[in-house]
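So that you can map any letter, position 394 of the sequence shown is 394 in UniProt numbering, and since no number is skipped, the others follow by simple counting. Each remark here refers to the structure printed beneath this line.
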Amino acid sequence: MTRMTSPRRPGGGIFASLRFHNYRIWFLSALVANTGTWMQRVAQDWLVLRVLTDDSASATGLTTALQFLPMLLLSAHAGLVADRVDQRKFLILTQSAMGLVSAVLAVDVLAGTAHLWHVYLAAFLTGVAAAYDAPARQTFVARMVPAEHLSNAVGLNSASFNAARLLGPALAGVVITWVGAGWVFAVNAATFVFPAVALVAMRVSELVDMPRARRAAGQLREGLTYLRGRTDLVVIIAVVAVVSMLTLNFQVTMAAMVRTVFRLESDAYGTVSSVFAVGSLSGALWAARRRNPRPRTVVLAALALGVFTLLLAIMPTYPTFMVMTIPVGLCVLTLLTSANQTVQMTTEPSMRGRVLSIYMMFFLGSTPLGSPLIGWVADTWGPRMAIAVGGLSAVLTALVAAAWSYRHWNLSLHYSSTRPYLRAAPKSPTPPTPPQTPQQTRADDAD
């Protein structure tokens, strides 16, 4: 029996979820929109670093912090909203809002009237829309495919995001060099039309029915209570939070490395970002093949990420630095995709929006806490030290998570030459058993 027909995986292989009409048009439209988003991220960093400041990594870090601060402040409420509303209609609103902010910023930059605080404000407003968009978008994936394809769909979402990360920075570097950052913001604004049109064009009868949370007092507390009983998810969220806060600041550190260490320009930054995305895309596609992700994958990916990030910090030349971003990117997406898959697949459907919002709050909301700190370290001791701080943080976090798991779940780290893994010992206590997702129904499974 081949891998394709293994009972571990539904038919269709890595791209199985693309058989379903609604997911297919969403996947393609998201690829376009994500490409525009990555173009804007590069342009925004370069605008702050090279045009509006004198190579200030701190200002770049503050911009990133302002963009992700709303995730920290609003995620809990956003998750509750995602459990209550029609996600399809709600996503049309959030996608349109982010496109509008990009359009206004494009006009501002092209008119030559942009100031640093304008970028700060645009980053914050984009973050507000993204804070409500993220849990609704994550929850909506479960409505576009049957339950047995959910893990694959989550993995393909990550692959789409990182294919865009591969294309976006390279395109941004070219556009910035030729016509300036303002046109990058204009292109990004236009790309938000694609997911809005895809959402309107979906076959509503084929969407999976999911229970909605009714308005009632104490629903946020109910989500926290549910999560407290799921220590497997708590470990995952804790690992992702620390790594996101201190390690995943490559948006700040890579720009600083390219500019201040290697003395190169925007096209070089776009190139290194694209090479980083090659590894990220590989990690996402590998995770898409896994039907049953586990906490041990997250812990081991965090450990490997820390080791490769420490190596990245000491790369002596631009080419070696660029090559080392490939295994770093692979570990990043293996960690994040496996964490996302585990949270989505093992959470009760009626709680999914709230639990995902808590996950997203710690994942993206921890960035405002870490970005200014990493930016300050880069300005004070150099970007190499900032990268090393992130690598060491990931290693220590993984070791603490493994030690906690060993003590509370009797997990141990077993090694083989081909596959190191965490395995539960055959005695209690064991990790909590996640609830089984109820059988989902749909009017028409595929085209």
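Positions of the beta carbon are idealized from the N, C-alpha and C atoms, including for glycine. Remember, predicted model here, so these are calculated numbers, not experimental data.
Residue interval of the alpha helix (DSSP H) (run including P295): 295–313
The region 69–78 touching the region 120–137, judged by at least three CB pairs closer than 8 Å: yes
Straight-line Cα distance separating P319 from L312: 11 Å
Spatial distance of A401 from M202 (CA atoms): 42 Å
Terminal residues of the alpha helix (DSSP H) in which H118 lies: 116–144
Beta carbon of A78 nearer than 8 Å to that of A142: no
Classification of H115 by the beta-carbon crowding that lies within 10 angstroms, buried from 16 upward: exposed
F15 (DSSP reduced to helix, strand or coil): helix
For M361, the nearest candidate out of A76, G13, T177, A82 (CA to CA): A76
Check whether Y23 and S17 have beta carbons under 8 Å apart: yes
Buried or exposed by the 16-neighbour rule on C-beta atoms within 10 Å, applied to I314: exposed
Buried or exposed by the 16-neighbour rule on C-beta atoms within 10 Å, applied to W38: buried
Cβ neighbour criterion (16 or more within 10 Å) applied to V175: buried
C-alpha gap between A111 and A172, whole angstroms: 19 Å
Euclidean distance between Cα positions of P316 and L31: 34 Å
Pick from A82, L105, G382, L399 that is closest to R259, judged by C-alpha positions: G382
Sufficient close CB pairs (3 or more, under 8 Å) joining the region 336–352 to the region 42–52: no
For G99 and V187, the rounded distance between their alpha carbons: 10 Å
Burial state of A403 (16 or more Cβ within 10 Å): exposed
Coarse secondary structure for V208, derived from DSSP in three states: coil
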